[in-house]
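In this text, residue positions in the sequence shown follow our numbering: the first is 26, and each later residue adds one. Even for Gly, the Cβ is constructed at its ideal location relative to N, Cα and C. Below is one structure, written out as structure tokens; the observations come after it.
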Amino acid sequence: MIAAVLVAPLVLGACSGGAGGSGAAAPQGDRRMAEALATSATGSGAFVHLRALQDVADRNGGNRARGTGGYEQSVDYVADTLRRAGFDVQTPTVALQSDDGDDGSAPGGTTRNVIAQTRTGRTDEVVLGGVHLDSVPEGPGIDDDGSGVAAQLEIAVRLGADAPVTNAVRFVFFGAEEEGLLGSQAYVDGLSPDGRRDIALMLNSDVIAAPNGGYFVYDGDGSDGSNSADGPPGSAAIERLLSDRLVSRGVPPRGTPFVDDSDYGPFVDADIPAGGVFSGDSGTKSAEQARLWGGRAGVPFDPCYHQACDDIDNIDRPIFDRMVNTIAYGIGAFAVDLNGVPPRSERAAR
Numbered sequence: 026m027i028a029a030v031l032v033a034p035l036v037l038g039a040c041s042g043g044a045g046g047s048g049a050a051a052p053q054g055d056r057r058m059a060e061a062l063a064t065s066a067t068g069s070g071a072f073v074h075l076r077a078l079q080d081v082a083d084r085n086g087g088n089r090a091r092g093t094g095g096y097e098q099s100v101d102y103v104a105d106t107l108r109r110a111g112f113d114v115q116t117p118t119v120a121l122q123s124d125d126g127d128d129g130s131a132p133g134g135t136t137r138n139v140i141a142q143t144r145t146g147r148t149d150e151v152v153l154g155g156v157h158l159d160s161v162p163e164g165p166g167i168d169d170d171g172s173g174v175a176a177q178l179e180i181a182v183r184l185g186a187d188a189p190v191t192n193a194v195r196f197v198f199f200g201a202e203e204e205g206l207l208g209s210q211a212y213v214d215g216l217s218p219d220g221r222r223d224i225a226l227m228l229n230s231d232v233i234a235a236p237n238g239g240y241f242v243y244d245g246d247g248s249d250g251s252n253s254a255d256g257p258p259g260s261a262a263i264e265r266l267l268s269d270r271l272v273s274r275g276v277p278p279r280g281t282p283f284v285d286d287s288d289y290g291p292f293v294d295a296d297i298p299a300g301g302v303f304s305g306d307s308g309t310k311s312a313e314q315a316r317l318w319g320g321r322a323g324v325p326f327d328p329c330y331h332q333a334c335d336d337i338d339n340i341d342r343p344i345f346d347r348m349v350n351t352i353a354y355g356i357g358a359f360a361v362d363l364n365g366v367p368p369r370s371e372r373a374a375r
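Quick look at the structure:
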């Protein structure tokens, strides 16, 4: 077991934000939790977890794919780190259905998800941070999606299990994303209608440190016109908050569509508001994007996407730092006030 580097959890005075069920935008004074968490959860702190995931891959044939020792050790590392931070942790084994909708099982048939939730906050207004923990067999998956895992794990450690939040915060690390979002689909399918309705929103972080990357926020308001599914009501508020945070960190974001290619997909399909950040993967950076963010036009955002070279050297640290800060800010803000996301009383039964 790799020793986790832990710190004292976040401690704040009583948060003066509106009740989590208000659904109204919080005044700036209610963003103390968001600022404190974003300051505490740093890219350098999250990088410790990236190194740990690289070590896991190195000991297990160079990957952390679902069904391998590398994946199981990744689960153990994340779960152990969360327990050391004071969380009650579950690692349920879930049966996987193939993504073609028939009764066949994916190879191996099961995966493990990792689930931890604060002991504080309303359990009917849950802020869910979601990431996928598996890599492809071809490589260690340090950008895809060790970067998202490390960010959410660092945020959880800094937040702590007994954080002074209005709305409970749940962290879920999904397996078998690379095989068709199977771990997240099994998770959503396993929730009761009330359990789905209890989730106020889902914040996804997948591929957030690409070496030729950009700053994308999921298109919650549909303004980009290329979503394959509309963001449920409240997704626009998520996009706005995360975009504003990136602007405050000195970078202008652009929208990226919901196209059912990451773990937000099953949540969007279940009408749960969703959003998140993304730095780009196999797509090619345009000349306009290179002028906007730097980097090389005509080159993929991540030239090592789904390859053996997606290792610890495949991380852009400035992008990673800003993305960790933005995700932490989003979780901290929504944990105190839903900031425009509909409260449970206005959410449709799912």
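Assuming residue i is part of the beta strand (DSSP E), what are its boundary residues?
i, result
"Tyr-243", "241-243"
"Ala-193", "192-199"
Relative to the C-alpha of residue i, which candidate in the options has its C-alpha closest?
i, options, result
"Arg-137", "Ile-180, Arg-195, Gly-166 and Thr-93", "Thr-93"
"Pro-368", "Arg-265, Asn-237 and Asp-223", "Asp-223"
"Val-242", "Gly-275, Leu-153, Ala-299 and Ile-180", "Ala-299"
"Ala-61", "Ser-251, Ala-358 and Leu-206", "Ala-358"
"Met-227", "Ile-352, Gly-70 and Ser-311", "Ile-352"
"Val-100", "Pro-282, Gly-208, Phe-345 and Val-349", "Gly-208"
"Pro-162", "His-331, Gln-122, Gln-314 and Ala-63", "His-331"
"Ser-307", "Ala-181, Gly-205, Pro-236 and Gly-70", "Pro-236"
"Arg-91", "Pro-343, Gly-205, Ala-104 and Gly-154", "Gly-205"
"Leu-153", "Tyr-212, Tyr-96 and Pro-117", "Tyr-212"
"Met-58", "Val-190, Val-73 and Asp-294", "Val-190"
"Asp-362", "Ala-225, Val-139 and Ile-337", "Ala-225"
Below 8 Å on the Cβ atoms is my contact criterion, and I expect residue i with residue j to pass it. Report the Cβ-Cβ distance as a whole number of Å.
i, j, result
"Gly-185", "Ala-261", "About 30 Å separates the two Cβ atoms, so there is no contact after all."
"Gly-238", "Asp-335", "Not really, about 13 Å apart at Cβ, beyond 8 Å."
"Ser-172", "Leu-75", "7 Å"
"Asp-170", "Ala-201", "In fact, because the Cβ distance is near 12 Å, the residues do not count as touching under 8 Å."
"Phe-292", "Val-232", "With a Cβ gap of about 18 Å, Phe-292 and Val-232 do not count as contacting."
"Asp-327", "Gly-68", "No, Asp-327 and Gly-68 are not in contact; Cβ-Cβ is about 17 Å, not under 8 Å."
"Thr-135", "Val-119", "6 Å"
"Ala-71", "Ala-176", "5 Å"
"Arg-183", "Ser-65", "4 Å"
"Gln-98", "Val-81", "5 Å"
"Asp-294", "Ala-373", "Going by Cβ atoms, the distance from Asp-294 to Ala-373 rounds to 13 Å, so no, they are not a contact pair."
Could you tell me the distance, in whole angstroms, from the CA atom of residue i to the CA atom of residue j?
i, j, result
"Gly-247", "Ser-287", "17 Å"
"Ile-263", "Pro-277", "16 Å"
"Asp-249", "Asn-229", "19 Å"
"Leu-317", "Asp-269", "16 Å"
"Pro-258", "Val-174", "26 Å"
"Ala-322", "Ala-360", "38 Å"
"Gly-355", "Gly-87", "33 Å"
"Asp-83", "Pro-165", "8 Å"
"Gly-245", "Gly-301", "9 Å"
"Asp-255", "Tyr-102", "35 Å"
"Gln-79", "Ser-370", "44 Å"
"Val-32", "Val-151", "Because Val-32 carries a pLDDT of 46, less than 50, the predicted location of this residue cannot be relied on, and no value is offered for it."
"Gly-305", "Met-348", "12 Å"
"Asn-85", "Asp-168", "18 Å"
"Phe-198", "Val-284", "20 Å"
"Pro-218", "Gly-320", "45 Å"
"Arg-221", "Arg-147", "14 Å"
"Gly-126", "Gln-210", "Here Gly-126 scores only 45 on pLDDT, less than 50, and its place in the model should not be relied on; the value that follows carries that caveat. Gly-126 and Gln-210: Cα-Cα distance of roughly 12 Å."
"Arg-195", "Glu-313", "37 Å"
"His-157", "Arg-265", "24 Å"
"Ala-141", "Ala-188", "13 Å"
"Asp-282", "Ser-251", "A quick correction: the sequence has Pro, not Asp, at residue 282. Between Pro-282 and Ser-251, the C-alpha separation is close to 6 Å."
"Gly-155", "Tyr-289", "8 Å"
"Thr-116", "Asp-105", "11 Å"
"Leu-216", "Asp-338", "38 Å"
"Ala-234", "Gly-280", "17 Å"
"Pro-52", "Pro-343", "Because the pLDDT at Pro-52 is just 42, under 50, the model does not fix this residue reliably, and the point stays unresolved."
"Val-324", "Tyr-240", "16 Å"
Considering just the uninterrupted stretch of the alpha helix (DSSP H) at residue i, what are its terminal residues?
i, result
"Leu-184", "172-184"
"Arg-279", "No alpha helix (DSSP H) holds Arg-279; the beta strand (DSSP E) holding it covers 279-281."
"Asp-187", "Taken as a continuous stretch (DSSP letters only), Asp-187 belongs to no alpha helix (DSSP H), as it is neither H nor E."
"Asp-83", "68-83"
"Ala-105", "The question names Ala, but residue 105 in the sequence shown is Asp. Unbroken alpha helix (DSSP H) run through Asp-105: 94-109."
"Arg-91", "First-last for Arg-91: undefined, no H or E at that position."
"Phe-359", "342-361"
"Thr-64", "57-65"
"Arg-316", "312-318"
"Tyr-330", "It is not in any alpha helix (DSSP H) - Tyr-330 carries neither H nor E in the DSSP assignment."
"Gly-290", "289-294"
Which residues share a DSSP beta bridge with residue i?
i, result
"Ile-263", "Answer is none; Ile-263 lacks a bridge partner."
"Asn-229", "Gly-155 and Gly-301"
"Thr-136", "Val-119"
"Val-114", "Ala-141"
"Ile-224", "Val-151"
"Ser-248", "None; Ser-248 has no bridge partner."
"Ser-217", "Per DSSP, none; premise fails for Ser-217."
"Ser-160", "Ala-90"
Determine, using beta carbons only, whether residue i comes closer than 8 Å to chain D.
i, result
"Ala-71", "The chain labelled as chain D is not found in the depicted structure, where only one protein chain is given."
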